[in-house]
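Trainee: Got a structure for you, questions after.
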Amino acid sequence: MTSKNKATLIGFIAIFLWSSIVATLKIVTENFGAVGGLALIYSLAAILLFFIIGPTKLRELPRRYLIWGSLLFVCYELCFSLSIALSNSDQQAIEVSMLNYLWPTLTILAAVFFNNQKTNLLIIPGAILPLIGIVWVLNGDHSLNLWMMLENISDNPLSYALALIGAFIWAAYCMVTIKCAKGKNGITLFFFLTALVLWIKYLLLGENTMIFNAAGIIYLTLSASAIGFGYAAWNFGVLYGNITVLAGASYFIPVLSASISALLLKTSLSFSFWQGTAMVCLGAILCWLATRDTKPRIKKIQ
3 MTSKNKATLI
13 GFIAIFLWSS
23 IVATLKIVTE
33 NFGAVGGLAL
43 IYSLAAILLF
53 FIIGPTKLRE
63 LPRRYLIWGS
73 LLFVCYELCF
83 SLSIALSNSD
93 QQAIEVSMLN
103 YLWPTLTILA
113 AVFFNNQKTN
123 LLIIPGAILP
133 LIGIVWVLNG
143 DHSLNLWMML
153 ENISDNPLSY
163 ALALIGAFIW
173 AAYCMVTIKC
183 AKGKNGITLF
193 FFLTALVLWI
203 KYLLLGENTM
213 IFNAAGIIYL
223 TLSASAIGFG
233 YAAWNFGVLY
243 GNITVLAGAS
253 YFIPVLSASI
263 SALLLKTSLS
273 FSFWQGTAMV
283 CLGAILCWLA
293 TRDTKPRIKK
303 IQ
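According to this note's numbering, the stretch in the sequence shown is residues 3 to 304, in order.
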């Protein structure tokens, strides 16, 4: 096996690791509380990134990237993680995560409209299919019905809103990174900032929800490791592997994530859910194909 193929394989490991985050995050927050569990996860992940990737050199970061990158990254991680942590059930956590996976399509659309990314007519079905897929997912076992979808969302509008807002924020973060980062990586700093915000929130809320047990500690380690080692593996794969193959494979994460989540959370998902998830994946792939003549720019999957 060539070194390039090995690097690509390591990139695939990142995809698998990130696909496990929804389930492990949900389990950790059920053990340690929503905010407390997240604070523990991001603290441990930040420490892992510090030793794997290294500390962020502030003087080397462009100021615009430092300011806007920090703000957008922290806001995204809070939206994504809280949308899962505050879900009312394991099945709802998986449904909510599908809204987050709109970000690849939104990122490509943002590149087309704001970065003059060349595209073709495939972008039209690519943009429409994920939206139909989300409607399919949110209808549950029922036939396509707008009122049933709204009733499903009304059960926990905060979680669904946070996931959707997060998808838009991550698309914005990707654009800021492309325009302002100049090849620099502030990910270690950004994770420490996210952990700091979560601890402040935990202290202000006065929560006392942390009950340490063997299962909770195991899943805490797994969740933080999936994030930390996932970022390290992805960066290595993108730098030294086949980025085109990795970019295409990354768009199948919703299916892989839902499969792992259903297994770990012992949740049965309906056929209509899988249909909707497939539409989300297919739409993202069509958007990618619409811009395939240019170098894929994938910054992160979750």
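Using N, Cα and C, we set each Cβ at its ideal position, and we do this for glycine too.
Remember, it's a predicted structure, so these values are computed and weren't measured experimentally.
Are G243 and A129 touching if we call contact CB-CB under 8 Å?
Mentor: Start at 1 with the first residue of the sequence shown, and residue 243 comes out as number 241. Start at 1 with the first residue of the sequence shown, and residue 129 comes out as number 127. No, the Cβ-Cβ distance between G243 and A129 is not below 8 Å.
Trainee: Give the range of the alpha helix (DSSP H) segment to which A280 is assigned.
Mentor: Counting from 1 along the sequence shown, the entry for residue 280 is found at position 278. Element bounds for A280: 273–292.
Trainee: What is the DSSP secondary structure of T196, counted as helix, strand or coil?
Mentor: Residue numbering aside, residue 196 sits at position 194 when the sequence shown is read from its first letter. Three-state DSSP puts T196 in a helix.
Trainee: Between the Cα of A16 and the Cα atoms of L206, I262, S252, which residue gives the shortest distance?
Mentor: Here residue 16 corresponds to residue number 14 of the sequence shown, with the count starting at 1. Here the closest residue by C-alpha is S252.
Trainee: Buried or exposed: Q304, going by 16 or more other Cβ atoms within 10 Å of its Cβ?
Mentor: By one-based count along the sequence shown, residue 304 stands at place 302. Caution applies to Q304, whose pLDDT of 45 falls short of 50 and renders its modelled position unreliable; the model cannot decide the point.
Trainee: Assign W149 to one of two classes, buried (16 or more other C-beta atoms within 10 Å of its C-beta) or exposed (fewer than that).
Mentor: Sequence index remark: in the sequence shown, residue 149 carries index 147 (1-based). The residue is exposed, with fewer than 16 neighbouring Cβ atoms inside 10 Å.
Trainee: Classify A216: buried if its beta carbon has 16 or more other beta carbons within 10 angstroms, exposed otherwise.
Mentor: Walking along the sequence shown from the start, residue 216 turns up at place 214. So A216 counts as exposed.
Trainee: Over the uninterrupted alpha helix (DSSP H) stretch that includes W138, give me the two end residues.
Mentor: Here residue 138 corresponds to residue number 136 of the sequence shown, with the count starting at 1. It spans 125–140 - the alpha helix (DSSP H) in which W138 sits, taken as one unbroken run.
Trainee: For V139, which residues of its own chain have a beta-carbon under 7 Å away from its beta-carbon, when the five flanking residues on both sides are left out?
Mentor: Counted from its first residue, the sequence shown places residue 139 at position 137. Closer than 7 Å at Cβ, skipping near neighbours: E97, M100, F275, G278, T279.
Trainee: Which two residues bound the contiguous alpha helix (DSSP H) that contains L73?
Mentor: Looking up residue 73 in the sequence shown gives position 71. Note, L73: alpha helix (DSSP H), 72–87.
Trainee: With a cut-off of 8 Å, do at least 3 Cβ pairs link the stretch 192–206 to the stretch 76–96?
Mentor: In short, these stretches touch, since the Cβ pair count reaches three.
Trainee: Within 10 angstroms of its Cβ, does S5 collect 16 or more other Cβ (buried), or is it exposed?
Mentor: As a first step, residue 5 is located in the sequence shown; it is residue number 3 there, counting from the start. When all chains shown are included, S5 counts as exposed.
Trainee: Using a Cβ cut-off of 8 Å (strictly closer), state whether C81 contacts chain C.
Mentor: Among the chains of the structure shown, chain C does not appear; only one protein chain is present.
Trainee: Below 8 Å between beta carbons: does that hold for D92 and L267?
Mentor: Along the sequence shown, read from residue 1 onward, the residue named residue 92 stands at position 90. Along the sequence shown, read from residue 1 onward, the residue named residue 267 stands at position 265. Yes, they are a contact pair.
Trainee: What whole-angstrom Cβ distance do A47 and I229 have, given they're in contact under 8 Å?
Mentor: On the sequence shown, residue 47 is found 45 positions in, with the first residue counted as 1. On the sequence shown, residue 229 is found 227 positions in, with the first residue counted as 1. About 4 Å; that satisfies the 8 Å criterion.
Trainee: How many whole angstroms separate the CB atoms of W236 and G13, which I take to be in contact at a CB cut-off of 8 Å?
Mentor: Taking the first residue of the sequence shown as 1, we reach residue 236 at position 234. Taking the first residue of the sequence shown as 1, we reach residue 13 at position 11. That pair is a contact at about 6 Å.
Trainee: Once the 5 residues before and after V247 are set aside, which same chain residues still bring their CB inside 7 Å of it?
Mentor: Taking the first residue of the sequence shown as 1, we reach residue 247 at position 245. Cβ within range, chain order: T10.
Trainee: T37: which of I136, S21, S85 sits nearest, CA to CA?
Mentor: For the purposes of this step, residue 37 is taken as the residue at position 35 of the sequence shown. The question names Thr, but residue 37 is Val in the sequence shown. Looking at the Cα atoms, S85 is the closest of the given residues.
Trainee: Closest to I167 by C-alpha separation, out of L133, C81, V137, A234, would be which residue?
Mentor: Taking the first residue of the sequence shown as 1, we reach residue 167 at position 165. Selected option, being the one with the closest Cα: C81.
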